[in-house]
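Residue numbers (our numbering): 1200 to 1333.
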């Protein structure tokens, strides 16, 4: 769901693809997201580690990685709710915009954040296969 682009930068556009394939999965996230955001299992610890790695690498400039993590999680959960409530919205465009905004919030310059979210995601085609072979 989260793809590494280089140290200190992650991207979650894969979540959009997964939501399209499995709306039930996104409902689980929306219904349990607050607990998942601070969990010591699953995506939350990995996301916290990614933020901390970005800080150590000098890519992110956040004072408190745990607070940055809950900010990112809150944005993701609220975006998910918005896209469920307003299915007419372009989910890829909205996800890209929120991704850019979050990368900027974490400390990346606007141009670099924009360049990162425009990169193709590695393995997205395989992740999108529903026949179980990808």
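Where a beta carbon is used, it is the ideal one built from N, C-alpha and C, also for glycine.
| Asked | Found |
| --- | --- |
| Which of helix, strand or coil DSSP assigns to residue 1283 | helix |
| Proximity of residue 1292 and residue 1312 at Cβ, strictly below 8 Å | no |
| Element boundaries [alpha helix (DSSP H), containing residue 1244] | 1242-1255 |
| Of the residues 1248, 1318, 1316, the one placed nearest residue 1269, counting alpha carbons only | 1248 |
| Residue 1317, enclosing alpha helix (DSSP H) - first and last residue | 1309-1317 |
| Residue 1267 versus residue 1306: straight-line alpha-carbon distance, rounded | 11 Å |
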